[in-house]
Amino acid sequence: MKALIQRVKRASVEVDNREVGAIGTGLLALVGVEKGDDEAAADRLLHKLLHYRVFPDAAGKMNRNLQQAEGGLLLVSQFTLAADTRKGLRPGFSSAAPPAEGERLFHYLLERAHHAWPEVASGEFAADMQVALVNDGPVTFLLEG
Numbered sequence: 708m709k710a711l712i713q714r715v716k717r718a719s720v721e722v723d724n725r726e727v728g729a730i731g732t733g734l735l736a737l738v739g740v741e742k743g744d745d746e747a748a749a750d751r752l753l754h755k756l757l758h759y760r761v762f763p764d765a766a767g768k769m770n771r772n773l774q775q776a777e778g779g780l781l782l783v784s785q786f787t788l789a790a791d792t793r794k795g796l797r798p799g800f801s802s803a804a805p806p807a808e809g810e811r812l813f814h815y816l817l818e819r820a821h822h823a824w825p826e827v828a829s830g831e832f833a834a835d836m837q838v839a840l841v842n843d844g845p846v847t848f849l850l851e852g
């Protein structure tokens with residue numbers, strides 16, 4: 708599993724002009740599921756999401772994690788993260804998990820996140836979503852579970 712994370716001042720996601728998820732300060736995680744991913748990969752990714760040190764300490768250094776910063780976590784499924792972009796000018800998606808498996812693992816990650824942290828929101832799997840954010844820094848990392 709992959710997650711493109713962005714440290715944000717705020718982020719939200721809409722489906723059909725209705726807000727389905729929003730956070731204040733925290734992490735927006737665009738999540739891609741690839742063939743061969745499993746619950747163990749989702750658990751590793753969640754651990755990184757909660758513990759990756761991207762928030763500033765008193766000295767301004769990135770030494771605090773999401774939990775220490777008491778931030779929110781917004782999870783948004785994004786199968787395009789599994790794209791193969793090495794050849795040509797059009798992405799290939801042969802490495803993406805089949806939709807049913809991607810949905811199952813994304814919901815597994817979301818359920819585990821809700822059990823591990825009180826401020827978790829999400830988009831809707833496979834929906835046409837509009838994501839708004841104010842990137843803080845900007846700070847953006849690609850994490851792999």
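Going by my numbering, the first residue of the sequence shown is number 708, and it counts up by one from there.
Don't be surprised by glycine CBs; every beta carbon is placed ideally from N, CA and C.
Among residues of its own chain, excluding the 5 on either side of residue i, which ones have a beta-carbon nearer than 7 Å to its beta-carbon?
| i | result |
| --- | --- |
| V727 | V720, E721, G830, E831 |
Can you give me the start and stop residues for the beta strand (DSSP E) that residue i sits inside?
| i | result |
| --- | --- |
| D843 | 836-851 |
| R811 | Careful: R811 lies outside any beta strand (DSSP E), inside the alpha helix (DSSP H) at 806-823. |
Leaving aside the five residues before and after residue i along the sequence, list all residues of the same chain whose C-beta is less than 8 Å from its C-beta, in chain order.
| i | result |
| --- | --- |
| D791 | P798, G799, F800, S801, S802 |
| Q774 | L757, H758, W824 |
| P763 | M769, N770, R771 |
Looking only at C-alpha atoms, which of the options sits nearest to residue i?
| i | options | result |
| --- | --- | --- |
| L711 | D745, Q775, Q785, R811 | Q785 |
| V783 | G795, D764, G743, V738 | V738 |
| E746 | G779, D723, F813 | F813 |
Just reading off the alpha helix (DSSP H) that residue i is part of, what are its end residues?
| i | result |
| --- | --- |
| A766 | No alpha helix (DSSP H) holds A766; DSSP gives it neither H nor E. |
| G739 | From DSSP, G739 is part of no alpha helix (DSSP H) but of the beta strand (DSSP E) over 733-739. |
Which term fits residue i, buried or exposed, when burial requires 16 or more other beta carbons within 10 angstroms of its beta carbon?
| i | result |
| --- | --- |
| G844 | exposed |
| L796 | exposed |
| G767 | exposed |
| A804 | buried |
Leaving aside the five residues before and after residue i along the sequence, list all residues of the same chain whose C-beta is less than 6 Å from its C-beta, in chain order.
| i | result |
| --- | --- |
| A718 | I730, L735, L781, L840 |
| Q837 | E721 |
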